[in-house]
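Residue numbers (the numbering used here): 149 to 520.
Heads up, the beta-carbon is just placed ideally off N, CA and C, and yes, glycines get one too.
Below you'll find the structure, written out as structure tokens, and then a few comments.
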């Protein structure tokens, strides 16, 4: 659930003043504004993490992440002002960013199969999170009581880590698959088989920089995938409005988010069925998605909302596949000594892409909404 706090922001069309002169039925504030408020604390954490987060043991990190998650639910539940609600959003963002960096780094100590389990779990978290909130509120529970009922989630997180998680054993993450191990191409040339995960604490700045440069061939495509993906989600979803349907504008938006989450969940759980080495292909396809949907927003040439439903489901497939395959490839192609640092450093990819999309989606929203 930690990782999903950030990605599954669904501000949706809210009862704000609309631009009645626009054909898009725009809110006065773009959903990208909410995304930026939620993503920036995570971005700061991920930028600073490779510089010194390894000095803090895992247990305190998990504890802080769980406490911040619980605090976000409590603050938002009892908030009567925008400022206090934003403080809750900041806590959720801290929990999400710190949690993702921590648990992805921790996968360096376990077999590579945990990458698929982690990815599937984060994909499911977004889907279950949105479904549970929708279901509880539809059942008659107030938003405040719904949020308070979610306090069991951070408690389960802490209990799982401190009571259920087994101690890791240093091993080759690709060892269960000899073919993959043989196909490894180390990120840097000085492979050190005798080193064990966890020794990245001793890496010099020059070594860290060398490993990071090797990671760029994975980081860059993932940044592009998330840039295009969240530009669509937070810049275009609200503008993909069909008047010739029984669904209201808010209902259309919720359907878009639900289908996106479903696509992400399926593809993040697909590693055992389909593994993709060249993730730049996924980045190219996601950018084509962005261009196509932006063209439809401007020209309105798609005749049916159901075609949009299919494209958004496909968008989720591409995003989830890029995420799980990127980290799986990094786990396979990084030496034991560098794997923990590599996982930690690569975490910046999705957050950077999302931040860039939020910054650019804001002026685009304003420009399009002022068109007659």
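TODO: Return yes when the Cβ of residue 460 is within less than 7 Å of the Cβ of residue 404, no when it is not.
DONE: A distance below 7 Å separates the beta carbons of residue 404 and residue 460.
TODO: With DSSP as the reference, label residue 278 as helix, strand or coil.
DONE: DSSP places residue 278 in the helix class (H, G or I) of the three-state scheme.
TODO: Please name the residue, chosen from 515, 352 and 501, that lies closest to residue 184 on a Cα-to-Cα basis.
DONE: Among 515, 352 and 501, the Cα nearest to that of residue 184 is on 501.
- [ ] Mind the definition here: the stretch 353 to 361 touches the stretch 401 to 418 only if three or more C-beta pairs lie below 8 Å; say whether that holds.
- [x] With a cut-off of 8 Å on Cβ pairs, the stretch 353 to 361 is not in contact with the stretch 401 to 418, counting fewer than three such pairs.
Open item on the list: At the level of alpha carbons, what is the spacing between residue 291 and residue 220?
Closed with: If I take the Cα positions, the gap works out to 14 Å.
Open item on the list: Less than 7 Å between the beta carbons of residue 267 and residue 472, yes or no?
Closed with: In contact: residue 267 and residue 472 (Cβ atoms closer than 7 Å).
Task: As assigned by DSSP and simplified to three states, the class of residue 381 - done: Look at residue 381 here: in three-state DSSP terms it is helix.
Open item on the list: Give the list of continuous alpha helix (DSSP H) stretches no shorter than 4 residues that lie fully inside the stretch 224 to 308.
Closed with: With a minimum length of 4 residues, the unbroken runs of alpha helix (DSSP H) contained wholly in the stretch 224 to 308 fall at 230 to 254, 261 to 286, 291 to 297 and 300 to 307.
TODO: State the CB to CB distance for the pair residue 492 and residue 252, rounded to an integer number of angstroms; the pair is presumed to be in contact (CB under 8 Å).
DONE: Yes, residue 492 and residue 252 are in contact; Cβ-Cβ is about 7 Å, under 8 Å.
TODO: Kindly examine the ligand SAM and report whether one of its heavy atoms sits closer than 6 Å to the Cβ of residue 266.
DONE: As far as ligands go, the structure on display features none, and thus does not contain the ligand SAM.
TODO: Indicate whether residue 503 and residue 187 have their beta-carbon atoms separated by less than 7 Å.
DONE: Using a Cβ distance threshold of 7 Å, residue 503 and residue 187 count as a contacting pair.
Open item on the list: Please return the same chain residues whose Cβ sits closer than 6 Å to the Cβ of residue 378, not counting the five positions on each side in sequence.
Closed with: Excluding sequence positions up to five before and after residue 378, its CB lies within less than 6 Å of the CB of 502 and 505, all in the same chain and listed in chain order.
TODO: Measure the alpha-carbon distance for residue 511 versus residue 483 and round it to whole angstroms.
DONE: If you take the alpha carbons of residue 511 and residue 483, they lie about 43 Å apart.
Task: Pairwise C-alpha distance: residue 423 and residue 481 - done: The alpha-carbon atoms of residue 481 and residue 423 are separated by roughly 14 Å.
Task: Whole-Å CB distance - residue 294 paired with residue 281, under 8 Å assumed - done: Yes, they are in contact, since the Cβ atoms of residue 294 and residue 281 sit about 6 Å apart, within 8 Å.
Open item on the list: Between the stretch 215 to 229 and the stretch 462 to 477, can you find at least three pairs of beta-carbon atoms closer than 8 Å?
Closed with: No, the stretch 462 to 477 does not touch the stretch 215 to 229.
Task: Nearest candidate by alpha-carbon position, reference residue 308, set 401, 207 and 489 - done: Out of 401, 207 and 489, 207 has the C-alpha closest to the C-alpha of residue 308.
- [ ] Identify whether residue 515 lies in helix, strand or coil by the three-state DSSP scheme.
- [x] Here residue 515 sits in helix by DSSP.
Open item on the list: Quick check: what's the CA-CA separation for residue 304 versus residue 213?
Closed with: Approximately 12 Å, taken between the alpha carbons.
Task: Top-ranked residue by Cα proximity to residue 486, from 209, 230 and 256 - done: The shortest C-alpha to C-alpha distance from residue 486 to any of 209, 230 and 256 is the one to 256.
- [ ] Check residue 329 in the structure and name its three-state DSSP category.
- [x] Note that residue 329 scores 42 on pLDDT, short of 50, meaning its location in the model is unreliable; the coordinates nonetheless yield the value given after this. In the structure shown, residue 329 adopts helical secondary structure according to DSSP, grouped into three states.
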